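Written out below as structure tokens is the structure these notes cover.
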Ligand code: OOB
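In the UniProt record's numbering, the protein residues as written are 1 to 556.
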């Protein structure tokens, strides 16, 4: 069952939906309710009109205000030619306009494509052209970077010009030659009604951490995502009293929906946006707004623990710290409650769907030593060997999964989908996992060709392709190397064509390719030839061991 698209650029079906018998089951079980995500805000605006929904710096929105501004923004976007079904690449920092835009697009039935602030020309041009975006929404500048300059580069990209001939750029702040966000708001008093988007249709596109040459796009429907949001809010005990600090980049799946911004707004609580997750920024916000729950990746949790020694009083209101995105060591997990004075919840999730949580009433051994269990009784979680046969209970294997909020295929990626999903629709997560009694999972490692830089995912093949574009590079292989702070960093092994270029020159070349900074190799090693496996493939394990040994020898 797939909704085909007739574009000649198409690399396959837009959406691979759940087979009818699964869809029926998920509806009958009450997971899929036919409600678009926008309803979440509408309902909270009814129930909690005067409660604070959103805080950004000194700006505050009640639910009633937020709902009204979303109406005006949606109406203004429609006047600017954005219609139901259009895709809009969104690249905003953690500011109020981000939340307004997301809900305005949902209300219109337009589909956000969630880019991260770290993305640069290479990624953004690809997202815009591949999704045939009608608009690109940015902040004028943020974190010392001018996104208008990036927009100018994207607009002259050949693929973007071909696929998005009239792409509008909407800018929060000084818009220069582009459309000012503030001017998009419709000033009229009478906002026309918006037709309800079909809840079983595509709601938005998330990015996959990926392991392939180009990032894959993850199509999520209103029905499936809304379910994961509701269930997550429930598991995390959210209520109208909850105050959530969004310190990770808001567009990432973790702070968006696990339970994140959407979960908190569903529960009628308050979302506080932090411009970054450093203790100096986050701790005063926690103290000022009486924050009760927040989410971090492991390296940040460790930084917070160090900072908390002197400033524990600022964290008094904090009840729950969620940690996920990469593996939290058992030692670090054990120290969270004593040092931060709040409970820990481990979260092992993926933008493709499946999210696991330790539960609030779990005993310490589970909270510290596992990455939680799946949200739904209908999440099918299997641990299999190389031939897709279930491994004996308790043994490590490949995690494959399907369920009411796990996609059945990436957006326009038929060839890749045939590999990334089993014939009966299980998503191959690429994670090596053990399953304990009760369904609790322990993440043991990974078999996907990816580097997890403290939650930032780097697809080895994507970086290798950029390296191969350098004339002095004959062959390239990117692998993970251990890192005390991030868990892993990336090391690029390069077989030079003739004399080895300088590592500095490769680094400069890579920067000019317009890649997000976190994807640039942390270390470059030249090598005469690659070690090979028995079947003649590059032996990445040997390369990982080689760089690890070098780090040990250098006492890094
Ligand atoms: C989250 O989502 P993504 O899409 O950026 O990355 C998913 C991958 C997983 O397949 C796994 O390899 C890794 O990130 N991962 C973890 C982990 N949480 C994610 N590995 C070990 N321990 C964990 N706790 O990262 C994400 C999405 C929703 C909620 C939380 C994280």
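In this text, a Cβ means the ideal position worked out from N, Cα and C, and glycines have one as well.
Since the model is a prediction, treat every value here as computed from it, not as a measurement.
Residue i, buried or exposed, once every other Cβ within 10 Å from all chains shown has been counted against 16
| i | result |
| --- | --- |
| residue 398 | buried |
| residue 490 | buried |
| residue 488 | buried |
| residue 557 | In the structure as shown, the chain starts at 1 and stops at 556, and residue 557 therefore has no counterpart that could be examined. |
| residue 273 | buried |
| residue 222 | buried |
| residue 502 | exposed |
| residue 183 | exposed |
| residue 6 | For residue 6, the predicted structure reports a pLDDT of 37, less than 50, and the residue's modelled location is therefore unreliable. A value from the coordinates is still provided. Per the 10 Å Cβ criterion, exposed. |
| residue 457 | buried |
| residue 87 | buried |
| residue 45 | buried |
| residue 269 | buried |
| residue 360 | exposed |
| residue 484 | exposed |
DSSP state of residue i mapped onto helix, strand, coil
| i | result |
| --- | --- |
| residue 48 | coil |
| residue 107 | helix |
| residue 242 | coil |
| residue 128 | helix |
| residue 291 | coil |
| residue 440 | coil |
| residue 369 | helix |
| residue 189 | coil |
| residue 458 | strand |
| residue 223 | helix |
| residue 93 | coil |
| residue 263 | helix |
| residue 180 | strand |
| residue 517 | helix |
| residue 7 | For residue 7, the predicted model reports a pLDDT of 37, less than 50, meaning its position is unreliable; a value from the coordinates is still stated below. It is coil, neither helix nor strand. |
| residue 429 | strand |
| residue 98 | helix |
| residue 547 | helix |
| residue 232 | helix |
| residue 252 | coil |
Any non-hydrogen atom of the ligand OOB closer than 7 Å to residue i Cβ
| i | result |
| --- | --- |
| residue 454 | no |
| residue 349 | yes |
| residue 429 | yes |
| residue 445 | no |
| residue 94 | no |
| residue 325 | yes |
| residue 209 | yes |
| residue 376 | no |
| residue 129 | no |
| residue 371 | yes |
| residue 421 | no |
| residue 113 | no |
| residue 345 | no |
| residue 415 | no |
| residue 258 | yes |
| residue 355 | yes |
CA-to-CA distance, residue j to residue i, given in whole angstroms
| i | j | result |
| --- | --- | --- |
| residue 72 | residue 254 | 28 Å |
| residue 323 | residue 497 | 44 Å |
| residue 251 | residue 410 | 18 Å |
| residue 89 | residue 98 | 12 Å |
| residue 556 | residue 369 | 27 Å |
| residue 62 | residue 69 | 11 Å |
| residue 440 | residue 325 | 17 Å |
| residue 547 | residue 481 | 7 Å |
| residue 198 | residue 312 | 47 Å |
| residue 160 | residue 76 | 24 Å |
| residue 54 | residue 423 | 43 Å |
| residue 352 | residue 214 | 16 Å |
| residue 529 | residue 453 | 26 Å |
| residue 33 | residue 552 | 54 Å |
| residue 42 | residue 67 | 7 Å |
| residue 120 | residue 267 | 35 Å |
| residue 467 | residue 31 | 45 Å |
| residue 275 | residue 306 | 20 Å |
| residue 28 | residue 405 | 15 Å |
| residue 520 | residue 426 | 32 Å |
Any non-hydrogen atom of the ligand PLP closer than 7 Å to residue i Cβ
| i | result |
| --- | --- |
| residue 519 | Only the ligand OOB can be found as ligands here, which leaves the ligand PLP out of the picture. |
*Evaluate contact between the region 467-482 and the region 284-293, counting only Cβ atoms and requiring at least three cross-stretch pairs below 8 Å.*
no
*asked:* If contact is defined by three or more beta carbon pairs under 8 Å, each pair taking one atom from either stretch, is the region 226-244 in contact with the region 181-196?
replied: no
*Using 8 Å as the Cβ pair cut-off and three pairs as the minimum, do the region 499-513 and the region 432-446 touch?*
no
*Could you tell me whether the region 229-238 touches the region 132-147, where touching means 3 or more Cβ pairs closer than 8 Å?*
no
*Is it a yes or a no for the region 235-250 touching the region 290-301, going by three-plus beta-carbon pairs under 8 Å?*
yes
*asked:* Count Cβ pairs between the region 164-174 and the region 367-387 that sit closer than 8 Å; are there 3 or more?
replied: no
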